[in-house]
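According to our numbering, the sequence shown is numbered sequentially starting from 238.
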Amino acid sequence: MNRVDAVRDAVHQRLLAEFTPGAYDHRDALMAHLRVLVFEHDPMLEPLTVDAVVTELINIVSGLGGIEPLLCDPAISEIMLNGPGRAYVERNGAIEVVALNLSAAAIESIAQRVIAPLGLRLDRSSPMVDARLSDGSRLHAVLPPLAPDGPVVTIRRFATRTIELDDFGMDQPTVEFLSSAIVDGANILIAGATNAGKTTLLNALAACIEPCERVVTIEETAELALRQPHVVRLEAHPANSEGAGEVTVRDLVRASLRMRPDRLIIGEVRGGEALDLLQALNTGHAGSMCTIHANSAVDALSRLETLTLLSGIPLPIEAVRSQIHSAVDLVVFVARGSGGQRTVQEIIALRPVDQHDAFPTTTILQVQQ
Numbered sequence: 238m239n240r241v242d243a244v245r246d247a248v249h250q251r252l253l254a255e256f257t258p259g260a261y262d263h264r265d266a267l268m269a270h271l272r273v274l275v276f277e278h279d280p281m282l283e284p285l286t287v288d289a290v291v292t293e294l295i296n297i298v299s300g301l302g303g304i305e306p307l308l309c310d311p312a313i314s315e316i317m318l319n320g321p322g323r324a325y326v327e328r329n330g331a332i333e334v335v336a337l338n339l340s341a342a343a344i345e346s347i348a349q350r351v352i353a354p355l356g357l358r359l360d361r362s363s364p365m366v367d368a369r370l371s372d373g374s375r376l377h378a379v380l381p382p383l384a385p386d387g388p389v390v391t392i393r394r395f396a397t398r399t400i401e402l403d404d405f406g407m408d409q410p411t412v413e414f415l416s417s418a419i420v421d422g423a424n425i426l427i428a429g430a431t432n433a434g435k436t437t438l439l440n441a442l443a444a445c446i447e448p449c450e451r452v453v454t455i456e457e458t459a460e461l462a463l464r465q466p467h468v469v470r471l472e473a474h475p476a477n478s479e480g481a482g483e484v485t486v487r488d489l490v491r492a493s494l495r496m497r498p499d500r501l502i503i504g505e506v507r508g509g510e511a512l513d514l515l516q517a518l519n520t521g522h523a524g525s526m527c528t529i530h531a532n533s534a535v536d537a538l539s540r541l542e543t544l545t546l547l548s549g550i551p552l553p554i555e556a557v558r559s560q561i562h563s564a565v566d567l568v569v570f571v572a573r574g575s576g577g578q579r580t581v582q583e584i585i586a587l588r589p590v591d592q593h594d595a596f597p598t599t600t601i602l603q604v605q606q
């Protein structure tokens with residue numbers, strides 16, 4: 238351990254030993270106190286080094302430690318801590334290594350600091366958690382034994398600027414078509430791979446909803462940031478340490494129907510809630526939207542069919558397909574390019590049921606790869 242690290246660790250330990258709640262409510266008071274402690278431990282440190290040590294301690298005490306500078310960089314959209322000494326970021330669409338030598342304890346501490354105010358649990362008996370930072374970023378953490386190389390933390394951040402439909406590589410007629418479809422009450426399924434930009438596109442599409450409409454959003458981890466004034470946000474909740482208190486997305490879909498929504502927006506369909514969603518869309522909630530993982534627009538319909546069949550209610554496949562045809566008007570497929578740009582690659586509309594075709598569709602947009 239070098240001289241500067243030794244001073245930092247010693248001051249940190251002393252601060253923890255003498256900590257009194259409310260003693261340093263203001264950042265300036267904490268910084269002044271830290272300068273005094275650093276000087277007491279090593280009066281010969283250069284002023285610039287003292288400033289660097291104090292900043293690092295501030296990040297440890299009141300922020301998220303070593304990743305705090307990364308969180309302040311608007312060009313970074315993903316922070317990936319793959320265990321001790323292994324850190325990567327996605328910057329401007331490209332993944333790169335960062336010089337961030339965090340220990341296993343430091344990585345786990347980052348996750349614990351995020352989930353503590355949320356009442357979530359992360360330990361060996363519950364080694365995986367999803368949570369949300371105060372700025373809306375999403376954190377996913379996995380501990381050993383599920384992660385044998387040490388704790389893994391992934392933080393997905395969202396653009397600080399507002400993303401519009403024009404940012405997805407569509408020409409103006411296509412943008413106007415989608416905008417009109419939303420205003421007219423089309424039910425839209427947004428499909429794509431992981432990190433393709435599904436939620437970002439969902440936000441951009443939702444901006445076309447009239448301000449007078451009541452919108453209920455349902456997510457496993459809240460990420461949507463709708464601009465309308467009349468929005469009710471619902472977020473699923475995992476079970477507590479006793480295994481009680483779990484509220485699933487499916488529970489929230491059912492509950493939302495008692496809230497008189499004009500439109501439902503579901504962050505992602507990934508389980509039995511698919512059946513409840515189809516029933517909601519077929520009973521007067523036109524203009525609703527959701528996302529789904531899929532490799533193409535047509536694959537999204539097949540996956541929605543599979544998820545519906547896994548709902549636990551035995552239904553003939555013909556009935557499921559009939560509900561999908563009645564519920565879904567458009568499927569929009571979004572993909573991420575090699576440079577990080579998210580573009581809409583495909584838009585299809587469902588046609589009337591054809592006994593020779595499970596999902597007869599009309600292609601509205603098809604971008605050649």
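Ideal placement from N, C-alpha and C gives every residue a C-beta, glycine not left out.
Practice problem: Rounded to whole angstroms, what's the CA-CA distance from residue 306 to residue 347? Just pull it up for me. | Solution: 14 Å
Self-check item: Proximal residues to residue 321 (C-beta, below 6 Å), its chain only, five neighbours per side dropped
Solution: 340, 341, 387
Quiz item: Hey, out of 581, 467, 555, whose CA is closest to residue 404's CA?
Solution: 581
Quiz item: In whole angstroms, what is the alpha-carbon distance linking residue 630 and residue 382?
Solution: The displayed coordinates of the chain run from 238 to 606. Any statement about residue 630 would go beyond what the structure contains.
Quiz item: Apart from the five residues just before and just after residue 313, which ones in its own chain have a Cβ nearer than 6 Å to its Cβ?
Solution: 307, 326, 328
Practice problem: Under 8 Å by Cβ, that's how I've got residue 290 and residue 335 pegged, so tell me the actual separation to the nearest angstrom. | Solution: Actually they do not touch by this definition, with Cβ atoms about 20 Å apart.
Practice problem: Below 7 Å CB to CB, which residues in the same chain sit around residue 564 once its five sequence neighbours on both sides are set aside? | Solution: 424, 515, 518, 519
Quiz item: So is residue 527 buried or exposed if we call it buried at 16+ other beta carbons inside 10 Å?
Solution: buried
Quiz prompt | Among 477, 407, 454, nearest to residue 358 - alpha-carbon criterion | solution = 477
Quiz item: Cβ atoms of residue 434 and residue 579: under 8 Å apart, would you say?
Solution: yes
Practice problem: Along the beta strand (DSSP E) that carries residue 556, what are the first and last residues, could you check? | Solution: Not the beta strand (DSSP E): residue 556 falls in the alpha helix (DSSP H), residues 554-564.
Exercise. Leaving out five residues on either side along the sequence, give the residues of the same chain with a beta carbon under 7 Å from the beta carbon of residue 351.
Key: 368, 370, 376
Quiz item: Going along the chain, which residues of its own chain have a beta-carbon closer than 6 Å to the beta-carbon of residue 525, five neighbours each way excluded?
Solution: 424, 500, 501, 518
Practice problem: Return helix, strand or coil for residue 446, following the three-state DSSP convention. | Solution: coil
Quiz item: Which whole-angstrom value describes the C-beta separation of residue 453 and residue 498, a residue pair presumed to lie in contact below a C-beta threshold of 8 Å?
Solution: 4 Å
Quiz item: At which residues does the beta strand (DSSP E) containing residue 516 begin and terminate?
Solution: That residue, residue 516, is in no beta strand (DSSP E); its alpha helix (DSSP H) goes 510-518.
Quiz item: With a CB to CB cut of under 7 Å and the five nearest residues on each side skipped, what residues in its chain are close to residue 278?
Solution: 244, 247, 248
Exercise. Could you spell out where the alpha helix (DSSP H) holding residue 391 opens and where it closes?
Key: No alpha helix (DSSP H) holds residue 391; the beta strand (DSSP E) holding it covers 389-393.
Quiz prompt | For residue 363: DSSP bridge partner residues | solution = 360
Quiz item: Exposed or buried, residue 492, counting other C-beta atoms within 10 Å across all chains shown (16 or more means buried)?
Solution: exposed
Practice problem: Tell me whether residue 349 sits in a helix, a strand or coil according to DSSP, three-state version. | Solution: helix
Quiz item: Which whole runs of the beta strand (DSSP E) in the segment 467-550 are 3 residues long or more, in chain order?
Solution: 468-472, 500-503, 526-530
Practice problem: Note down the Cα distance separating residue 586 from residue 360, rounded to an integer number of angstroms. | Solution: 46 Å
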